[in-house]
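For reference, the structure discussed in these notes is given below.
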């Protein structure tokens, strides 16, 4: 009988210890939760002070200040500087740049149509003479369109020299002023506004005059794998003012 009493006492002591431990763990958990809540409240109050939501007067919330704080909280200082630079682009300059480019594209079409039918003459300037060659033809179209649009363009260069200042592009990216080259001989893309393709202009050695050709008919020669070399675009530095 005495042994049973001793065993029951030990069980009671163990249960009391377990209760004490559970109470202490609950207390520590509550303590942690309280600390977290206090920290959140402090951070909230700090941000309220920065944003100026609760001011003595009835002044509106400073939305610009909110944006700045969000940027500072989201990005590092270096990234924040880059973002500010992007947003500081002058809209007027951007509009002028787009307008100038669109004008250049249109003038490529206009000047190309102007020179259609001119007869062949080696070294002839189509603006000064009644004849021209392929090199002077392409140069005149690009130079006149560029300068009239507000771009710069260098003095006369043979077409082989211009091709050295080009970058290869894909046909899906084609636009007015690009060059299609077959067997080293270039044609200028001048009318991409067509619904069913585009037009090119070049001086035909067979017809001995400036001709136009539709893109649907280019597969026989210009896009023939035996002759086709690629589509090229003049580099931007050629159009810089000097």
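Residue numbers (the numbering used here): 1 to 242.
Note that beta-carbon positions come from the ideal geometry of N, C-alpha and C, so glycine has one too.
#1: Grab me the residues of residue 211's own chain with a C-beta within less than 6 Å of its C-beta, minus the 5 sequence neighbours each way, in chain order.
#2: Can at least three beta-carbon pairs, one atom from the stretch 94 to 111 and one from the stretch 133 to 150, be found at a separation below 8 Å?
#3: Which residue or residues does DSSP assign as beta-bridge partners of residue 224?
#4: Helix, strand or coil: how does DSSP classify residue 151 here?
#5: Taking the C-alpha atoms as reference points, what is the distance between residue 54 and residue 39?
#6: Among residues of its own chain, excluding the 5 on either side of residue 221, which ones have a beta-carbon nearer than 8 Å to its beta-carbon?
#7: Per DSSP, what kind of secondary structure is residue 199 in: helix, strand or coil?
#8: Quick check: the stretch 191 to 207 against the stretch 121 to 137, are at least 3 beta-carbon pairs closer than 8 Å?
#9: Considering Cα atoms alone, identify which of 208, 184, 186 and 169 is closest to residue 118.
#10: For a test of the three-state rule: what should DSSP assign to residue 99, helix, strand or coil?
#11: Which residues mark the beginning and the end of the beta strand (DSSP E) in which residue 209 is found?
#12: Is residue 119 helix, strand or coil when you go by DSSP?
#13: Keeping to the same chain, check which residues put their C-beta closer than 7 Å to that of residue 238; ignore five residues upstream and five downstream.
#14: Is residue 30 helix, strand or coil by DSSP?
#15: Could you pull the start and end residues of the alpha helix (DSSP H) that residue 160 belongs to?
#16: Can you list, in chain order, the residues of its chain with a C-beta nearer than 6 Å to that of residue 213? Leave out the 5 residues immediately preceding and following it.
#17: Between which two residues does the beta strand (DSSP E) carrying residue 169 extend?
#18: Please name the residue or residues paired with residue 180 in a DSSP beta bridge.
#19: So, using beta-carbon positions, are residue 126 and residue 140 closer together than 9 Å?
#20: Thinking C-alpha only, which one of 177, 184, 128 and 31 is nearest residue 229?
#21: Assign residue 41 to one of two classes, buried (16 or more other C-beta atoms within 10 Å of its C-beta) or exposed (fewer than that).
#22: Out of 187, 186, 215 and 188, which has the shortest C-alpha to C-alpha gap to residue 198?
Short version:
#1: In the chain shown, residue 211 corresponds to position 211, counting from 1. Excluding positions up to five away in sequence, the list reads 204.
#2: yes
#3: Walking along the chain shown from the start, residue 224 turns up at place 224. According to DSSP, residue 224 bridges with nothing at all.
#4: The residue you call residue 151 lines up with position 151 of the chain shown. Residue 151 falls in the coil class under three-state DSSP.
#5: By one-based count along the chain shown, residue 54 stands at place 54. By one-based count along the chain shown, residue 39 stands at place 39. Note on residue 54: pLDDT 48, under 50, position unreliable in the model; no value is reported.
#6: By one-based count along the chain shown, residue 221 stands at place 221. Answer for residue 221: 182 and 227, listed in chain order.
#7: The count along the chain shown starts at 1 and reaches residue 199 at position 199. The DSSP-derived three-state label of residue 199 is strand.
#8: yes
#9: Reading the chain shown from its first residue, position 118 is the one you call residue 118. Nearest option by C-alpha distance: 208.
#10: Position 99 of the chain shown, counted from the start, is the residue given in the question as residue 99. Judged by DSSP in its simplified three-state form, residue 99 adopts helix.
#11: Reading the chain shown from its first residue, position 209 is the one you call residue 209. Element bounds for residue 209: 209 to 214.
#12: For the purposes of this step, residue 119 is identified with residue 119 of the chain shown, where counting begins at 1. Here residue 119 sits in strand by DSSP.
#13: Counted from its first residue, the chain shown places residue 238 at position 238. Short of 7 Å from the beta carbon of residue 238, and not among the five residues preceding or following it, lie these beta carbons of its own chain, in chain order: 153, 154 and 165.
#14: By one-based count along the chain shown, residue 30 stands at place 30. Looking at residue 30 - three-state DSSP - the assignment turns out to be helix.
#15: As a working mapping, residue 160 is identified with position 160 in the chain shown. Looking at the DSSP string, the run of the alpha helix (DSSP H) that includes residue 160 is 159 to 163.
#16: As a working note, residue 213 is residue 213 in the chain shown. The residues are 200.
#17: For the purposes of this step, residue 169 is taken as residue 169 along the chain shown, with counting starting at 1. From DSSP, the beta strand (DSSP E) with residue 169 extends over 166 to 169.
#18: By one-based count along the chain shown, residue 180 stands at place 180. Answer is 187 and 231.
#19: Sequence index remark: in the chain shown, residue 126 carries index 126 (1-based). Sequence index remark: in the chain shown, residue 140 carries index 140 (1-based). Yes, the Cβ-Cβ distance between residue 126 and residue 140 is below 9 Å.
#20: Sequence index remark: in the chain shown, residue 229 carries index 229 (1-based). Per the Cα distances, 184.
#21: Stepping through the chain shown from its first residue, residue 41 is reached at position 41. Residue 41 comes out exposed.
#22: Here residue 198 corresponds to residue number 198 of the chain shown, with the count starting at 1. Taking only the C-alpha atoms, the option nearest residue 198 is 215.
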